[in-house]
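Worksheet: one structure, shown below.
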Amino acid sequence: MTTPDTDLWAGFDEQAAEAVTGPVWDEPVPLTPQRALPAFPVDALPDWLADMVTAVAEETQTPADLAGCLALSVIATAAGGRATVCVRGRWREPVNLYTAVALDPGNRKSAVFALMTEPLMAAEKTLVELSGPARAEAETTAHLAKAAADKATAKAANAEPGLRDQLTAEAIELAQAAENIKVPCKPQLVADDVTPENLATLLTEQEGRISVLSPEGGIFDIIAGRYNGGSPNMEVFLKGHAGDMLRVNRQGRDAQHVEHPAVTMGLAVQPEVLESIGQIKGADGRGLLARFLYAQPESLVGHRSLTPDLIPDHVADTYTQRLGGLALAMAGWTDPAVLTLTPEADQVMLAYQKVTESRIGKGGSLAGIVKWASKRDGAVARIAGLLHLATHPDHGWTRPIEAATLAAATRLGDYFTLHAQHVFDAMGADPAQEAAHQVLIHLTDARLTGFTKRDLFRGLPRGDFPAIADLDPALALLEEHGWIRQQPQPPRSGRGGRPPSPRYDAHPRLTRGI
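21 is the number that numbering that gives the first Met the number 0 gives to position 22 of the sequence shown; each next residue is one higher, with no gaps.
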């Protein structure tokens, strides 16, 4: 029986209406607040970077959010550990970032990564070639010094008693000199599937900076303890983001010490991976989740152009030149360049801080993600530093960050804020709520006015609800929120047999597609 719209009964006595139509429906309560997620503000990027993001998104037919977030990550790879933003007083932010974009399989994530990271791979190869002579010289010098020390040690061991002390002292001096010769490692900008232990080693070898760029989310499995007996190991990722001193001591190895580690991460993961990382023991409490800038754009699969515009050569060439040039220019910095703000930029930053502070308190719009929001201003400062270096890749370290650049960074900060709220909603979602959403979507698409539990079960994907009893939490939640209501069970005939399947009425809004 179809339930008429309650608006048609306006002015009727409620009891009279119920006698004809059944109980009047109240307005249903939404299961979760629906957030309108913004698109990535591509125009906040410098022109050469924005052009590449737009062109890559068009050619690959992917959301601009993927290439846009990766654009920030590749600039951070080029400059991370080599520059820091002096916001105010002693407040400084390094320019490395952690970004994570959630997209379902089939969204050509690998293709976007290849296009956006190719100049970094070329720059890394150039750095290896340029460092070749110095590494060869150091290796030869170290080999000769070790041979001289070994020869002196043998000579001292076989010396007459009167000469042994003098020769021993000479052998010790030569051994210390050989020990002090450091052979540089091959330069490396990007790693992929790396354990926390290997990451600490890479930071030591690469003068305190390394980047993890991957179109997969395997790094989260590693953090969760895939290679560590299930025990989470996130210390290097926490300190690598903040720039806090990292000291690693392992049995049988020399201690590894990095004064100011700078790890950059640019990841593309499946949406369920973002939901699962919230379950990593200690990830929330220790602040790992709060360090990521999240994006969850809408997939274009099913709506893609089969004949997209290709990336123009001049766009790709300019991108390669600017990004590769920045990576090579900053590779030799040992003391980070300090980027300052103009007075006008400082005022933009201060205004943004005031907005953040007013929203993270009890009852504020950011109170639900207070740990993440407490790092929002720092993230905006980091983004401003990256935009500044991208705008002036040849000499950005010689001039302060301008107000327009800081304003562009705040737009990106607002973008990441709304996506973070959405992602944290999903991380904390009750499984019953997720199931209720699926049932609600099915009922809306089918425009059902009523249904039995058995018929509903047959119409839903079996993989999502393996047994009919799996529907119970979802149906209870939908009834609690006023979307459905169960009809009274008819009296049993006493003849035995299977009881009739529970029957439900659906809210009239569902027949109108909500």
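Backbone N, C-alpha and C define an ideal beta-carbon position, used for all residues, glycine too.
Pop quiz: Ala99 and Thr59 are said to be a contact at Cβ under 8 Å. What is the actual Cβ separation, rounded to whole angstroms?
With 8 Å as the limit, Ala99 and Thr59 do not qualify as a contact, their Cβ atoms being about 19 Å apart.
Based on Cα-Cα distance, which residue from Arg446, Gly458, Val211 lies nearest to His506?
Taking only the C-alpha atoms, the option nearest His506 is Arg446.
Comparing C-alpha positions only, which one of Trp371, Leu44, Leu36, Arg381 sits nearest to Gly277?
A check of alpha carbon separations from Gly277 across Trp371, Leu44, Leu36, Arg381 identifies Trp371 as the nearest.
Going along the chain, which unbroken runs of the beta strand (DSSP E) with 3 or more residues stay wholly within the stretch 235-286?
Runs of the beta strand (DSSP E) lying entirely within the stretch 235-286, each at least 3 residues long, are 245-247, 255-257, 261-268 in chain order.
If we ignore side chains and look at the alpha-carbon of each, how far apart do Lys238 and Ser373 end up?
Across the structure, Lys238 and Ser373 are spaced so that their CA atoms are roughly 17 Å apart.
Is it the case that the Cβ atoms of Pro231 and Lys280 are separated by a distance below 7 Å?
Yes. Within cutoff.
Taking the alpha-carbon positions, what's the Leu114 to Val268 distance?
When rounded, the distance between both Cα atoms is 18 Å.
Rounded to whole angstroms, what's the CA-CA distance from Arg358 to Leu96? Just pull it up for me.
Approximately 23 Å, taken between the alpha carbons.
Less than 6 Å between the CB of Lys374 and some heavy atom of the ligand MN, yes or no?
Here there are no bound small molecules, and the ligand MN is not part of this structure.
Name the two residues that bound the continuous beta strand (DSSP E) containing Glu92.
In the DSSP annotation of this structure, the continuous segment of the beta strand (DSSP E) that includes Glu92 starts and ends at 90-93.
Using 10 angstroms around the beta-carbon of His142, count the other beta-carbons present and answer buried if the total reaches 16, otherwise exposed.
Taking all protein chains shown into account, His142 has fewer than 16 neighbouring C-beta atoms within 10 Å of its C-beta and is therefore exposed.
Classify Ala151: buried if its beta carbon has 16 or more other beta carbons within 10 angstroms, exposed otherwise.
Under this definition Ala151 is a buried residue.
Just to confirm, is the Cβ distance from Val182 to Ala137 under 7 Å?
Result yes, Cβ atoms of Val182 and Ala137 sit closer than 7 Å.
Could you name the residues of the same chain whose beta carbon sits closer than 6 Å to that of Leu509, not counting the 5 residues immediately before and after it, in chain order?
Within the same chain, Cβ atoms closer than 6 Å to the Cβ of Leu509 are found at Leu442, Thr443, the five residues on either side in sequence being excluded.
What number of angstroms, rounded off, separates the C-alpha of Thr194 from the C-alpha of Gln187?
Between the alpha carbons of Thr194 and Gln187 lies a distance of about 16 Å.
Given a cut-off of 7 Å, decide if Ala43 and Leu411 are closer than it, judged by their beta-carbon atoms.
In contact: Leu411 and Ala43 (Cβ atoms closer than 7 Å).
Looking only at its own chain, which residues have a Cβ that is under 6 Å from the Cβ of Leu166, when we skip the five neighbours before and after it?
Here Leu166 has Lys154, Ala155, Ala158 as same chain residues with Cβ atoms under 6 Å from its own Cβ, once five neighbours each way along the sequence are excluded.
For my contact list, Leu173 and Ala144 are in at a C-beta cut-off of 8 Å; report their separation, rounded to the angstrom.
Taking 8 Å as the upper bound for CB-CB distance, Leu173 and Ala144 are in contact here, some 7 Å apart.
Length at least 3, wholly inside the stretch 432-485: the beta strand (DSSP E) runs in chain order:
Listed in chain order, they are 449-451, 483-485.
Reduced DSSP category for Cys85 - H, G, I as helix; E, B as strand; rest coil:
Cys85: strand per DSSP, three-state reduction.
Relative to the C-alpha of Gly242, which residue among Gly331, Ala38, Thr125, Pro335 is closest?
Of the listed residues, the one whose Cα sits closest to Gly242 is Pro335.
Through-space distance from Ala168 to Ala177, alpha-carbon basis:
Their Cα atoms are separated by approximately 14 Å.
Are His418 and Pro27 touching if we call contact CB-CB under 7 Å?
Cβ atoms of His418 and Pro27: not closer than 7 Å.
Reference Ser500, options Arg511, Ile483, Ile467, Trp482, closest by Cα
Ranked by how close their Cα comes to the Cα of Ser500, the residues Arg511, Ile483, Ile467, Trp482 have Ile467 in first place.
Give the straight-line distance between the Cα atoms of Asp469 and Leu459, rounded to the nearest whole angstrom.
Looking at the two C-alpha atoms, the distance is approximately 11 Å.
Nearest residue (CA-CA) to Ala121, options Thr416, Leu325, Gly80:
Of the listed residues, the one whose Cα sits closest to Ala121 is Leu325.
I think Ala294 touches Phe112, with their Cβ atoms under 8 Å apart; what is that distance to the nearest whole Å?
About 15 Å; that fails the 8 Å criterion.
In three-state DSSP terms, what is Phe39?
When DSSP states are grouped into helix, strand and coil, Phe39 belongs to the coil group.
Measure the beta-carbon distance from Glu92 to Gly377 and round it to whole angstroms, keeping in mind my assumption that it falls under 8 Å.
About 5 Å separates the two Cβ atoms, so the contact holds.
If you draw a straight line from the C-alpha of Leu245 to the C-alpha of Pro270, how long is it?
A direct Cα-Cα distance of roughly 31 Å separates Leu245 from Pro270.
Option nearest Gly462 by Cα separation, candidates Gln485, Asp454, Leu477, Ala434
It is Ala434 whose Cα lies nearest to the Cα of Gly462.
I need the straight-line Cα distance from Thr20 to Leu30, nearest angstrom please.
Caution applies to Thr20, whose pLDDT of 47 falls short of 50 and renders its modelled position unreliable; the value that the coordinates give is listed next. So the two alpha carbons sit approximately 26 Å from each other.
Per-residue burial, Asn106 [other beta carbons within 10 Å of its own, 16 or more giving buried]:
By the C-beta density criterion, Asn106 is buried, having at least 16 other C-beta atoms within 10 angstroms.
In the DSSP assignment, what are the bridge partners of Asp504?
According to DSSP, which records beta bridges pairwise, Asp504 is partnered with Gly449, Arg484.
Taking the alpha-carbon positions, what's the Pro3 to Gly449 distance?
Here Pro3 scores only 37 on pLDDT, less than 50, and its place in the model is too uncertain to base an answer on.
Whole angstroms are fine: how far does the CA of Ala389 sit from the CA of Leu202?
In a straight line, the C-alpha of Leu202 is about 24 Å away from that of Ala389.
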